[in-house]
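This note's numbering puts the first residue of the sequence shown at 523, with every later residue one more than the last. Let me begin by presenting the structure, written as structure tokens, before commenting on it.
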Amino acid sequence: WLKTNSQLVAMPSKYGGVSTGWPTKTELDAAHRIQQHFSAEIARLKDPSRDVVGDLRIVRFIRARHGNEQEAREWYGEFLKVRTEKPEIEEKIRPSVIGMTPEQYLQFFNERKHPGFPVCPYAGETDDGQVLMVVRTGMVDPVDFTENRGNVPLEDEELLILSMLEWTLWYIDEMSWKRHEMVYVIKLMDFNGLGGGGRKLPIFVPKMKQLLVGLLEAAQKPYCEHDALFLATNTPFLFRAVKSVIFLLLTAKQKSKFNVLGYTTDQAVCRKILEILPARIVPEALGGSRATLPGVYPLADVSSELSGWLQRRQDPGFMWRVFEKPVAVSVAAPPADKEPTTGAPSTAATDSVSQVVESSPLTPTVLEVTTAQQVLVVGDAKDLAAKGVALPADDEPSFVSLEGQESAQACSCCAMAG
523 WLKTNSQLVA MPSKYGGVST GWPTKTELDA AHRIQQHFSA EIARLKDPSR
573 DVVGDLRIVR FIRARHGNEQ EAREWYGEFL KVRTEKPEIE EKIRPSVIGM
623 TPEQYLQFFN ERKHPGFPVC PYAGETDDGQ VLMVVRTGMV DPVDFTENRG
673 NVPLEDEELL ILSMLEWTLW YIDEMSWKRH EMVYVIKLMD FNGLGGGGRK
723 LPIFVPKMKQ LLVGLLEAAQ KPYCEHDALF LATNTPFLFR AVKSVIFLLL
773 TAKQKSKFNV LGYTTDQAVC RKILEILPAR IVPEALGGSR ATLPGVYPLA
823 DVSSELSGWL QRRQDPGFMW RVFEKPVAVS VAAPPADKEP TTGAPSTAAT
873 DSVSQVVESS PLTPTVLEVT TAQQVLVVGD AKDLAAKGVA LPADDEPSFV
923 SLEGQESAQA CSCCAMAG
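Put into structure tokens, the structure is as follows:
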């Protein structure tokens, strides 16, 4: 059970540490107070999108702190502070990845990651919509990863991993709205080979340890409550040393999500994995039916791929390129008593033109609100026409009504509700 002030919310046993339930009124009220508390900080953000300042994101902080609003507010404040201290998040990372499909982001990530970094940030989704991430942790050579990289700074790798977190939190926010339940990430980690083949343990390589500790700290607060489970497989005896360092940085709730399952040569372990994940997205090496996972199963040939990776990374314009997002014409705003709000803090469904103008990066040429449930946002007519958006010949406003949760995905041009 998850305690949220005076309410208890049941959690499915499969994901014992999190609740996939839609936010309660108690949680939403607390989220709105937190939004209001940080209204000045939010107003200074360059990208105050729904996945950053919306209700569902703030509810993750509330649930991470077991319903303690004050602690959630402190954590969310640190999250906003990080975005100020790392301007690259809003200036480089988000313009490059937010709005990408999983396939587009995987291509982006695989082209930029070090070939000796066997990670797949999106391996598919479970039948109930949870996202699977697969990491072949045991086959990372921390010395090769931190030193065999030409003049490409390790800091670039940190930013790339931050892009993974930013995209993931955006994507699960989108999917949460679509499914009308909270979506999380399950991280399946294969430790087979840890410390073998002449590879050092990551915690004994200072640069790698510093990178890992920084990322764990980032995931603990600014990117909290996006993990449902950590499934550790094929853990050798040396894993105890790694686990002891990791657990020093985790909260009690994060530790509760960590499951050490044993070796996948044991069919009982494979069955346990398949009780949680469908075989179609689990690699064959871990008991599933998926034959390949690019860059992970099989591993990339670092010696042959490194030169191409170095060549790509020498191009200063390659790393961060603005992703061209599709243009949305209109959206149907959800009822205030049924859906959380989005975008900048608000206390009711959108019912004023000024709110729409302030939250949209497009310059409206047609802007009209017919009811509290129907909002029209149209950008520059020539620009929209060039992108294939059909506009009415008589210059009268046109509306595209989108029903249900699908409308939550439709508006990629602004941060408005729906």
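C-beta atoms are modelled at their ideal positions from N, C-alpha and C, and glycine is treated no differently. Note that the structure is a prediction, hence the values are computed from the model and not measured.
query                                                                                                              : result
VAL735 to LYS777 span [Cα, whole Å]                                                                                : 15 Å
ILE694 to VAL653 span [Cα, whole Å]                                                                                : 8 Å
First through last residue of the alpha helix (DSSP H) which encompasses GLU946                                    : Absent from the model: residue 946. The displayed extent of the chain is 523 to 940, so no value can be given.
Close-in-space but distant-in-sequence residues of the same chain around GLU610 (CB under 7 Å, 5 per side omitted) : LEU681
Validate contact between the stretch 566-578 and the stretch 708-717 using beta carbons, cut 8 Å, 3 pairs          : no
Option in PRO805, ASP663, GLY660, ARG585 with minimal Cα separation from TYR706                                    : ARG585
Three-state class that DSSP yields for LEU550 in the structure shown                                               : helix
Host alpha helix (DSSP H) of PHE583 (start-end)                                                                    : 577-586
Range covered by the alpha helix (DSSP H) that runs through CYS792                                                 : 789-798
Contact under 7 Å by Cβ, GLU591 with ALA552                                                                        : yes
Host alpha helix (DSSP H) of TYR644 (start-end)                                                                    : Where TYR644 is concerned, there is no enclosing alpha helix (DSSP H), although the beta strand (DSSP E) it sits in stretches over 641-647.
Cβ shell of PHE522 (< 7 Å), same chain only, five flanking positions each side left out                            : There is simply no residue 522 to check, as the chain begins at 523 and stops at 940 in what is shown.
Enclosing alpha helix (DSSP H) for PHE667 [first to last residue]                                                  : 664-669
Environment of SER811 [buried if 16+ CB atoms lie within 10 Å]                                                     : exposed
Beta-carbon separation (whole angstroms), LYS743 vs TRP597, contact threshold 8 Å                                  : 5 Å
Distance, GLN789 Cα to GLU600 Cα                                                                                   : 44 Å
First through last residue of the beta strand (DSSP E) which encompasses MET655                                    : 653-657
CB contact below 7 Å: LYS568 versus chain D                                                                        : Here there is only one protein chain, and chain D is not present.
Which listed residue (LYS635, ASP663, ILE620, ARG582) has its alpha carbon closest to that of GLY720               : ASP663
Helix, strand or coil at LEU691 [DSSP, three-state]                                                                : helix
Cα-Cα separation between ARG762 and THR773, rounded to whole angstroms                                             : 18 Å
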